[in-house]
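Below is one structure, written out as structure tokens, with a few remarks after it.
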Amino acid sequence: MATNQVTIIKENSSGDFQELKVTAEANKAIGFDTNLNPVMVSVSSNSLTVNTSLTSLVIDCSLANIFIISINANSNFSLSNVTALKEYTFIVKNTSAGAITVTMPNSEVYVSQSVDISTGKARMFGLVNINSKNYWLVSGELSNV
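Each residue of the sequence shown is one higher than the last, beginning at 1 in my numbering.
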């Protein structure tokens, strides 16, 4: 399998720039959380899979239109690079031993800003941006995901 080495320059919380070297397989990549901790992601033609213990997740919507996110703690989302009239799907899986709550971004359109997910279950979140406003649709709990 092909591998690539990439150098990423990232600003840390002190305002200093840090050089990070990353080696990844062709269908894998390394992302970074807000503390510059590496997070392994899988990439296919239109989906991105992330396994993380982050409690605050920034999702770059330019990377894919389907995101599969496995989390094990209460979490909240924020989004970047949302394209108008493009549909996005987020499948959020609970991998913890107890129920978790996912909190949606502020100032957006949804039925409820906070959504609970039981142990071993998932929910599907649909998003479309119309006139600079994000509209969300959230499924009931999904089994066997």
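No residue lacks a Cβ here, since even glycine has one placed at the ideal position from N, Cα and C. Since the model is a prediction, treat every value here as computed from it, not as a measurement.
At the C-beta level, I91 and I66 come within 9 Å of one another. Cβ-Cβ distances below 7 Å link S78 to V58 and P105 in the same chain, with the five nearest sequence neighbours on each side left out; the list follows chain order.
If you look at K86, you'll find it isn't in any beta strand (DSSP E); DSSP assigns it neither H nor E.
Contact between N76 and S96 fails: their C-beta atoms lie close to 15 Å from each other, not under 8 Å. Per DSSP, reduced to three states, the secondary structure at Y110 is coil, with no helix or strand assignment. Beta-carbon to beta-carbon, S112 and N94 are separated by about 17 Å, too far to satisfy the 8 Å threshold. In this structure, E141 is the residue among K133, A84 and E141 with its C-alpha nearest to the C-alpha of R123. Taking the Cβ atoms as the reference, T101 lies roughly 7 Å from V115, within the contact range of under 8 Å. Comparing C-alpha distances from Y135 to each of K86, S62 and S70 shows the shortest one belongs to K86. At a Cβ-Cβ threshold of 9 Å, V138 and G126 count as neighbours.
Residue environment: A64 is assigned as buried (16 or more neighbouring CB atoms within 10 Å of its CB, all protein chains considered). Taken atom to atom, the span from the alpha-carbon of S62 to that of V145 is near 25 Å.
In the displayed model, K121 falls within coil according to three-state DSSP, outside both helix and strand.
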